[in-house]
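J.: I'd like to ask some things about the structure below.
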Amino acid sequence: MIFAIVRTALTALRRDRGALALSFILPVAFFTIFAVIFGGRRDTTPKISVIVVDEDHSRASQQLVKGLKEESLSVKTRPATKRGVDQPEYTATTAEAAVKAGAAPVALIIPRGFGENPIAFGGGSQRSTIQLLKDSSDMVAPQIINGLLQKVAMTAMPDVMAAQGSKYMDEYAGGFTPEQRKRIEQGLEELRKRERSEDSNTQTRQSSNGGMPISVSARDVVGENKNNPMVSFYAAAIGVMFLLFTASSAGGSLLDEAESGTLDRVLSSQVNMGTLLAGKLCYCSLLAFSQLILMFVWAWLVFKLDFIAHLPGFFIMGLSTAFSVAAFGMLLASTCRTRAQLGPLSTLVILIMSSVGGSMFPRFLMPEAMQKAGLLTINAWAIDGFTKVFWRDEPVTHLWPQVLVLLVAGALFFVIARRLARRWEYS
Amino acid sequence: MASAPMVPAPISVLPLRIQALAKRFGELTAVDGITVELHSGECLGLLGPNGAGKSTLIRSIVGRVIPDSGKVLVFGAPADSAGARIALGWVPQDLALYPRLTCRENLEAFGQYHGLRGSVLTTSVAWCLEWAGLADRAEDAVASFSGGMKRRLNMAAGLIHRPKVILMDEPTVGVDPQSRNRIFEMIEKLRDQGISMIYTTHYMEEAERLCDRIAIIDHGRIIALGAKEELVHNAFASRSEVIARFGNSDGSVLAWVKERGGLFDNGMARFTIEHAAEIGGLLDAAAKAGHELVDVSLRKPNLESVFLHWTGRELRD
Numbered sequence: 001m002i003f004a005i006v007r008t009a010l011t012a013l014r015r016d017r018g019a020l021a022l023s024f025i026l027p028v029a030f031f032t033i034f035a036v037i038f039g040g041r042r043d044t045t046p047k048i049s050v051i052v053v054d055e056d057h058s059r060a061s062q063q064l065v066k067g068l069k070e071e072s073l074s075v076k077t078r079p080a081t082k083r084g085v086d087q088p089e090y091t092a093t094t095a096e097a098a099v100k101a102g103a104a105p106v107a108l109i110i111p112r113g114f115g116e117n118p119i120a121f122g123g124g125s126q127r128s129t130i131q132l133l134k135d136s137s138d139m140v141a142p143q144i145i146n147g148l149l150q151k152v153a154m155t156a157m158p159d160v161m162a163a164q165g166s167k168y169m170d171e172y173a174g175g176f177t178p179e180q181r182k183r184i185e186q187g188l189e190e191l192r193k194r195e196r197s198e199d200s201n202t203q204t205r206q207s208s209n210g211g212m213p214i215s216v217s218a219r220d221v222v223g224e225n226k227n228n229p230m231v232s233f234y235a236a237a238i239g240v241m242f243l244l245f246t247a248s249s250a251g252g253s254l255l256d257e258a259e260s261g262t263l264d265r266v267l268s269s270q271v272n273m274g275t276l277l278a279g280k281l282c283y284c285s286l287l288a289f290s291q292l293i294l295m296f297v298w299a300w301l302v303f304k305l306d307f308i309a310h311l312p313g314f315f316i317m318g319l320s321t322a323f324s325v326a327a328f329g330m331l332l333a334s335t336c337r338t339r340a341q342l343g344p345l346s347t348l349v350i351l352i353m354s355s356v357g358g359s360m361f362p363r364f365l366m367p368e369a370m371q372k373a374g375l376l377t378i379n380a381w382a383i384d385g386f387t388k389v390f391w392r393d394e395p396v397t398h399l400w401p402q403v404l405v406l407l408v409a410g411a412l413f414f415v416i417a418r419r420l421a422r423r424w425e426y427s
Numbered sequence: 428m429a430s431a432p433m434v435p436a437p438i439s440v441l442p443l444r445i446q447a448l449a450k451r452f453g454e455l456t457a458v459d460g461i462t463v464e465l466h467s468g469e470c471l472g473l474l475g476p477n478g479a480g481k482s483t484l485i486r487s488i489v490g491r492v493i494p495d496s497g498k499v500l501v502f503g504a505p506a507d508s509a510g511a512r513i514a515l516g517w518v519p520q521d522l523a524l525y526p527r528l529t530c531r532e533n534l535e536a537f538g539q540y541h542g543l544r545g546s547v548l549t550t551s552v553a554w555c556l557e558w559a560g561l562a563d564r565a566e567d568a569v570a571s572f573s574g575g576m577k578r579r580l581n582m583a584a585g586l587i588h589r590p591k592v593i594l595m596d597e598p599t600v601g602v603d604p605q606s607r608n609r610i611f612e613m614i615e616k617l618r619d620q621g622i623s624m625i626y627t628t629h630y631m632e633e634a635e636r637l638c639d640r641i642a643i644i645d646h647g648r649i650i651a652l653g654a655k656e657e658l659v660h661n662a663f664a665s666r667s668e669v670i671a672r673f674g675n676s677d678g679s680v681l682a683w684v685k686e687r688g689g690l691f692d693n694g695m696a697r698f699t700i701e702h703a704a705e706i707g708g709l710l711d712a713a714a715k716a717g718h719e720l721v722d723v724s725l726r727k728p729n730l731e732s733v734f735l736h737w738t739g740r741e742l743r744d
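Here the protein sequences line up with chains A and B, keeping their order. Residue 54 in our numbering is what sits at position 54 of the first sequence, and the numbering runs on without skipping anything. Numbers given in our numbering equal positions in the second sequence, counted from 1, plus 427.
What follows is the structure in structure tokens.
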């Protein structure tokens, strides 16, 4: 008896391709995506980008920059070349602008005079302070950079450390005898030679120990006045994902109407397929935009998101996103033959798009290859646009790449959906 | 229903003219060169079993199926023209309604799809509600309606733009006898208003009651066309039908029925006779052949008999 029940259920499952896909393809697809995101493959482990501005150009600052470059960081001292032309090195101003624009989550400004008092024990008043400019939406990168900075100070600058130690001896222990000073100078010279020599490798430096911190002054340059750093991100990220579900469900009304025969009746009136699809697109767009309004108003009322000040940007991004998402919903619906097909297909596609596109996990924390793959999704472009508006406070004119991509993609989805819908026009 | 003699109309003003229409779906020929005309104020019945091609023919007329060949003219205009769309009203076999909308909202939606606005739409919705007997349920969601009510609304939605030619595709499918009678009354009201109509059905009684002329369709072809009396006369002249049931129906019975010029279908043998006295001869012959007759009846041929006569099968096979 139980065997018969199991056999019946298995036969039904085997014939339900949607359920099969949800049962077996989706879990594997999700596992693969998240395994790649979280560095399951060593060669794609992400490197944190940091912009370094060396205003001092001293031996100590150069040692520090060199040390940072040898860590697992992507150290940028100048913007990427444009049309084959090298760009000038970052300055404090351009580095801050670059962090604001999202080129890197952190910038370090090594100030003039750093080489004179690069490090201090116990917070000496004379030491130089490195500025750490950060994007507060990335809560991980600044912490890592700060830690690595301290490590590099101790491992990449042994001579500076020793010199500073002797200064403390002079100051607090009454100084060295001439003989001791001579030996210290010899030792320091030896350290400098070793530092200059090529065989002074990271392994050796890492074996040094100590606890001398570099003075770092951290400052949020993006989101400094925000009440909750991740609210705008998640309002957009979660919003877009659910918009996709809503749009595919709303687009699915086309399938309901085809199955019930209502579509035939509508098309036998003065309404043609083009008009019908355009009407459905308007409806889905309106629905999606209303959802976004609700989402952001909720974030404004409950999580103090600065919604009112960003209304123009919200409208531009909201309408572009709603249009693109609605057209995608129409495309999904017109790809399917029945409503039963649409359910599993849309779940599969939307969840994969959302995970790769950053709706579930911020893209800036993903490996570079995954970040690039994310650009094939509506989610990524929409989230980037909303982040520009609500997080980076960028002017609406800066939204053109996101708006253009969303509108062009939406138009393309609609054209394909219209093409696929021809099968409903006549038999 | 007795057929009124139709006054021939000039071809150009015929409400509907179908010429050599053919439609194939792969290997299946659904409509096989049908030619038929609908006269003004006429109700033309398309009578045939399921799969005979009735719905494909109707869908070709309303432009939902592109025929492989042939022509459909509505008041002289091609069926896919805007004028034809306005003139045609289609009541599909499916319940093509929005279940979550109310009765009135459905009618308003379909009215707007047909280009109705303002007071014209309001008047038309009111007429449809009245005609379908749904005025008191106008504000109720369609999902809560009984099958019969949905059928009536389905019909009303096809008439919302007040078309001159109405195509009804089996409007009584799946309804109880009481609702069916109500639907007949609705159709008779339309007939009284002189509206031209094509009515498809596989129920002989419906065709007899509602239609002026009947086209019997099988395998995509019209096998007989005319008023009921004409159809019967053409098939049987003045002969009557004898229906006989045998105690067994083995091969020898089948052979004997065939030898006597009868048809054997669905456990019954059918013979035609000119005079009632011929029944005695039939009974004697059966007895001599050793076939036990369980039941014998004599009746006037009807459309069912006509269909069987031309196809060798029963209408509801």
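From the three backbone atoms N, C-alpha and C, an ideal C-beta is built for every residue, glycine too.
1) Which of the three DSSP states is assigned to residue 31 of chain A in this structure?
2) Please report the distance separating the alpha-carbon of residue 369 of chain A from that of residue 32 of chain A.
3) Once you ignore the five residues that flank residue 47 of chain A on each side, which residues in its own chain have a CB closer than 7 Å to its CB?
4) Kindly indicate which residue of B/522, B/612, B/711, B/727 has the alpha-carbon position closest to the one of residue 665 of chain B.
5) Comparing the C-beta of residue 541 of chain B with each C-beta of chain C, is any distance below 7 Å?
6) Do you know how far the Cα of residue 722 of chain B is from the Cα of residue 680 of chain B?
7) For chain A, find out if any of its Cβ atoms is closer than 7 Å to the Cβ of residue 491 of chain B; answer yes or no.
8) Which whole-angstrom value describes the C-beta separation of residue 240 of chain A and residue 359 of chain A, a residue pair presumed to lie in contact below a C-beta threshold of 8 Å?
9) Is it a yes or a no for the stretch 274-285 of chain A touching the stretch 528-539 of chain B, going by three-plus beta-carbon pairs under 8 Å?
10) Give every residue of the same chain whose Cβ lies closer than 7 Å to the Cβ of residue 740 of chain B, excluding the five residues on either side of it in the sequence, and list them in chain order.
11) DSSP three-state call for residue 283 of chain A: helix, strand or coil?
12) Please check if any C-beta of chain B sits within less than 7 Å of the C-beta of residue 261 of chain A.
13) Is the Cβ of residue 505 of chain B closer than 7 Å to any Cβ of chain A?
14) The beta strand (DSSP E) that contains residue 790 of chain B, what's its start and end?
15) Between residue 253 of chain A and chain B, is the shortest Cβ-Cβ distance under 7 Å, so that the two count as touching?
16) Taking all protein chains shown into account, do 16 or more other C-beta atoms lie within 10 angstroms of the C-beta of residue 702 of chain B, making it buried, or fewer, making it exposed?
17) Note down, in chain order, each residue of its chain lying with its Cβ closer than 6 Å to the Cβ of residue 271 of chain A, except the 5 sequence neighbours on either side.
18) Does chain B have any CB closer than 7 Å to the CB of residue 273 of chain A?
19) What are the boundary residues of the alpha helix (DSSP H) that residue 673 of chain B is part of?
20) Check for me: the beta strand (DSSP E) holding residue 500 of chain B runs from which residue to which?
21) Determine the direct distance from the alpha carbon of residue 659 of chain B to that of residue 667 of chain B, and round the result to whole angstroms.
22) Quick test of your reading: residue 81 of chain A and residue 90 of chain A, contact by CB under 8 Å. State the CB separation rounded to the nearest angstrom.
23) In terms of residues, what are the limits of the beta strand (DSSP E) holding residue 690 of chain B?
24) So is residue 219 of chain A in contact with chain B if we call contact Cβ pairs under 7 Å?
25) For residue 732 of chain B, which residues in the same chain have their Cβ closer than 6 Å to its Cβ, ignoring the five residues on either side in sequence?
26) Which residues mark the beginning and the end of the alpha helix (DSSP H) in which residue 732 of chain B is found?
27) Quick check on the DSSP output: the alpha helix (DSSP H) that includes residue 610 of chain B runs from which residue to which?
28) Among B/633, B/682, B/709, B/671, which one has its Cα closest to the Cα of residue 397 of chain B?
29) At least one CB of chain A closer than 7 Å to the CB of residue 447 of chain B: is that the case?
30) Which residue wins for smallest C-alpha separation from residue 623 of chain B, given the options B/586, B/656, B/605, B/631?
31) Output yes if chain A places a C-beta closer than 7 Å to the C-beta of residue 485 of chain B; else output no.
32) Determine the contact status of residue 449 of chain B and residue 458 of chain B, defining contact as a CB-CB distance below 7 Å.
33) Just to confirm, is the Cβ distance from residue 141 of chain A to residue 118 of chain A under 7 Å?
34) Using only alpha-carbon positions, find the residue among A/263, A/22, A/62, A/314 that is nearest to residue 398 of chain A.
35) As a quick exercise: from B/497, B/504, B/520, pick the residue whose alpha carbon is nearest that of residue 514 of chain B.
T.: By the coordinates alone:
1) Here residue 31 of chain A sits in helix by DSSP.
2) Cα to Cα, the separation comes out at about 14 Å.
3) The beta carbon of residue 47 of chain A lies closer than 7 Å to those of 72, 73, 74 in the same chain, with the five residues before and after it left out.
4) It is B/727 whose Cα lies nearest to the Cα of residue 665 of chain B.
5) The chain labelled as chain C is not found among the protein chains of the depicted structure, namely A and B.
6) Approximately 15 Å between the Cα atoms of the pair.
7) Cβ-Cβ to chain A under 7 Å: yes for residue 491 of chain B.
8) Indeed they touch by this definition, with Cβ atoms about 6 Å apart.
9) Because the criterion of three Cβ pairs below 8 Å is not met, the stretch 274-285 of chain A and the stretch 528-539 of chain B do not touch.
10) Apart from the 5 residues on each side of it in sequence, residue 740 of chain B sits with its Cβ closer than 7 Å to the Cβ of 692 in its chain, given in chain order.
11) Residue 283 of chain A sits in a helix when the DSSP states are folded into three classes.
12) Taking CB atoms only, residue 261 of chain A has a neighbour in chain B less than 7 Å away.
13) No, its Cβ sits nowhere closer than 7 Å to a Cβ of chain A.
14) Summary: the structure shown does not reach residue 790 of chain B, with chain B confined to residues 428 through 744, and so no result is reported for it.
15) Residue 253 of chain A has a beta carbon lying at 7 Å or more from every beta carbon in chain B.
16) The residue is exposed, with fewer than 16 neighbouring Cβ atoms inside 10 Å.
17) Closer than 6 Å at the Cβ level, and outside the excluded window around residue 271 of chain A, lies no residue.
18) Under the 7 Å criterion on CB atoms, residue 273 of chain A is classed as non-interfacial with respect to chain B.
19) Segment 667-673 is the beta strand (DSSP E) holding residue 673 of chain B; no alpha helix (DSSP H) there.
20) Residues 496-501.
21) Straight across, the Cα-Cα distance linking residue 667 of chain B with residue 659 of chain B is about 10 Å.
22) Rounded, the Cβ-Cβ distance is 14 Å, inconsistent with contact.
23) Note, residue 690 of chain B: beta strand (DSSP E), 690-692.
24) No, no contact with chain B.
25) Apart from sequence neighbours up to five positions away, the residues of its chain that approach residue 732 of chain B with a beta-carbon distance below 6 Å are 668, ordered along the chain.
26) Start and end: 730-738.
27) In the DSSP annotation of this structure, the continuous segment of the alpha helix (DSSP H) that includes residue 610 of chain B starts and ends at 604-619.
28) Residue coverage of chain B in this structure runs from 428 to 744, which leaves residue 397 of chain B outside it and unanswerable.
29) Not closer than 7 Å to any Cβ of chain A, the Cβ of residue 447 of chain B fails to qualify, so no.
30) For residue 623 of chain B, the nearest C-alpha among the options comes from B/586.
31) Chain A, which has no Cβ nearer than 7 Å to the Cβ of residue 485 of chain B, makes this no.
32) Against a cut-off of 7 Å, the Cβ pair of residue 458 of chain B and residue 449 of chain B comes out as a contact.
33) No.
34) Residue nearest to residue 398 of chain A within the set A/263, A/22, A/62, A/314 is A/314 (criterion: CA-CA distance).
35) When each option's Cα is compared against that of residue 514 of chain B, the closest is B/504.
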